[in-house]
Amino acid sequence: MDKLNIGIVGLRFGSTVIEELLNGDGGRRFRIHAVCDIDSAKAEACASKYGAKPYGSLESLLADPEVQVIGLFTPPAGRAELIDRIISSGRDVMTTKPFELDPQKALNILTKANRLKRVVHLNSPGPVWHDSLRHIQTWREKYGLGIPVGCRSDIWVNYHERPDGGWYDDPEQCPAAPIFRLGIYIINDMVRLFGPAQQAAVMSSRLITERPTADNAQLSLRFRNGAIANIFGSFCVDDSQRYKSPMILNFQHGTIYGHVLPKQDGEPSRLLLVTKDRATGERVTEEAAVTGDSGAYQWDVLDRAVRDRRPNEDSYIRDIVEGIRIIRAMNLSEKTGRIVQIGEDE
């Protein structure tokens, strides 16, 4: 099977993605054919490292007839317009979270991509449910866990960042920063488990980092089905657990614990279900080791979709847009300090 030629746009983060792609399964499926960045020195250095062609603009990259797929890793603002140019040129796209800041623009461009039979994937939410979500869904059905009730899920890390003039410093482009940059994975997972959200409320603070955006934040969500979720994110916790993400998920007839206890590097994450036999009242537990996570780029799925000309399913488009609606409401709640109805400013 011939590899697909991919062009990577935006090398501040894209260079990291290149390493992950080449060191993983994606290296068997994609060839780094070109790299693109407005910083010409960065583009030249990256091209030399990977034996790729350097470009200083998206326009010049898209003029290369050998480029088949674009990896787009620019800041989220205006990403829909960039994707429009890419799919209109006849290329498919892998991009990163957050997909966009405007839910209507996101819906419009994903709908257009399907109309053009172009593929647009991102890492969160991914086109295929990741391992933890699949186990949770299996347990829901196997044990008849009933309706979702609530969730507490966290993500923390130790950052000592300083302002650099980029989008991380802009409260409009990076609202409730720990949630927007890291907790967004949890938001997208909650949308898949609980469905559309109805209300959002944010509290945030600045403790350690020197950026003008928050480094400590909490998002509360009420979903249309009545379930309530709380997502805490922080850049201020230095406890040897980098990107620690514990979760407690309650259903009507059971609770699932995920990644709660500390683990050693390389040790698989674990999920634990606690429910009961409703005939006898006896406790029932089941444990599962899970691999992968909600932020993994599913290069194998993209490869198959591109070769088979298989556009996004409607459910995937809906999940992407619902997550952006929450982000939009989160932004408004942080600015106003009030509970925001999801979609009220669209």
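Using our numbering, you'd call the opening residue of the sequence shown number 26 and step up by one each time. Ideal Cβ positions, reconstructed from N, Cα and C, are used throughout, including at glycine.
| Asked | Found |
| --- | --- |
| Quick check on the DSSP output: the alpha helix (DSSP H) that includes W164 runs from which residue to which? | 156-168 |
| Is the stretch 346-353 close to the stretch 106-126, with three or more CB pairs under 8 Å? | yes |
| What residue does the beta strand (DSSP E) around S178 start on, and which one ends it? | 173-181 |
| Which value, in whole angstroms, describes the spacing of the CA atoms of G220 and L246? | 11 Å |
| For the beta strand (DSSP E) containing I31, name the first residue and the last one. | 29-34 |
| So C281 and W164 are supposed to be a Cβ contact under 8 Å. How far apart are they, rounded? | The identity of residue 281 in the sequence shown is Ile, whereas the question assumes Cys. Contact holds; Cβ gap of about 7 Å. |
| Give me, in chain order, the residues of the same chain whose beta-carbon lies closer than 8 Å to that of Q198; leave out the 5 immediate sequence neighbours on both sides. | P100, P101, A102, L126, W192 |
| How many angstroms separate the CA atom of F295 from the CA atom of Q266? | Reading off the sequence, residue 295 comes out as Arg, not Phe. Cα to Cα, R295 sits roughly 16 Å from Q266. |
| Restricting to Cα atoms, I'd like to know which of F38, P271, D302 is closest to P287. | P271 |
| So the candidates are D189, K137, A321; which of them puts its Cα closest to the Cα of N337? | K137 |
| Per DSSP, which one or two residues make a beta bridge with A222? | F248 |
| List the residues that DSSP assigns as beta-bridge partners of R303. | For R303, which the question treats as bridged, DSSP gives no partner whatsoever. |
| To which residues does DSSP link L274 through a beta bridge? | C176, I281 |
| What's the gap between the Cα of Y210 and the Cα of G39? | 19 Å |
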